[in-house]
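Sequential numbering from 1 applies to the sequence shown in UniProt numbering. All residues carry an ideal CB built from backbone N, CA and C; glycine is no exception. Reading through the structure tokens given below for one structure.
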Amino acid sequence: MFSLLKGLWEYFFRKDEYFVVILGLDNAGKTTFLETIKRRYISNYHGMPLEKISTTVGLNVGRIDVGVQRLVLWDLGGQQDLQTLWNEYYAECHGVVYMIDSCDRHALQISAETFNRVIHHADLDGAPLLILANKQDREDALPLTEVESAFDTSVESIGNRDCRIQRVSALRGEGVFEGIEWLAQRVKEKPNRPLKPVKS
């Protein structure tokens, strides 16, 4: 009897789970973005001080509830030698967050080329894309129009999939929550994702 009640409880109150990869070059602010989101959506979460966050080697995972959905966020290291591991996660994800360091003018073109390579991967076909021009709280941040211009070459490759580019400050939380709420809505509307269901 207990197992029947437990099963009914889980059936009626479980949250649909969606997997999202957070990508971008090293030092773009991916882990700060993840930590800021966890502080907003997880009750009594304290985490590490944002100013003490260091380079991610491998993977950080966060789970947040956005309304009736659960997002599982995979923050993947952005160093050149770790980027080869990114495509191991593509087939199992529902959506993509791509972080850009708006203050690093020299890396902007490399970031745009990396993004273009990412969205050409067949396993990301149809996945919604949230592109975040980060560090907009700083005076040396490039304006969004300049960031958009660097990514113009990807417009054709994006095609008709859902895509949003916006200014954010992961450190201050500016724009972060609007972006994640947008993505949460979009992944829910994509029944053809992921290409390969995650094993539980």
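Put simply, the backbone Cα of Ala112 is about 24 Å away from that of Ala184.
Of the candidates Val72, Gly77, Gly47, the residue whose Cα lies closest to the Cα of Gly58 is Gly77. With distances taken between CA atoms, Gln83 lies nearest to Arg117 out of Gly175, Arg117, Ile37. Sequence-distant Cβ neighbours of Val96 in its own chain, meaning closer than 6 Å and more than five residues away, are Val21, Ala127, Leu129. Judged by DSSP secondary structure, Arg117 falls within the alpha helix (DSSP H) whose first and last residues are 105-119. For Tyr45, there is no enclosing alpha helix (DSSP H), since its DSSP letter is neither H nor E.
Taking C-beta separations shorter than 8 Å and ignoring five residues to either side along the sequence, the partners of Asn27 in its chain run Thr55, Gly78, Asp101, Asp104, following chain order.
For the set Ala122, Asp125, Glu146, Leu85, the Cα lying nearest the Cα of Gln109 is the one of Glu146.
Its chain contains Ser169, Leu171, Arg172, Glu174 as the residues whose beta carbon lies nearer than 7 Å to that of Asp137, once the 5 sequence neighbours on both sides are disregarded; these appear in chain order.
Beta-bridge pairing by DSSP links Asp75 to Ile22, Asn60.
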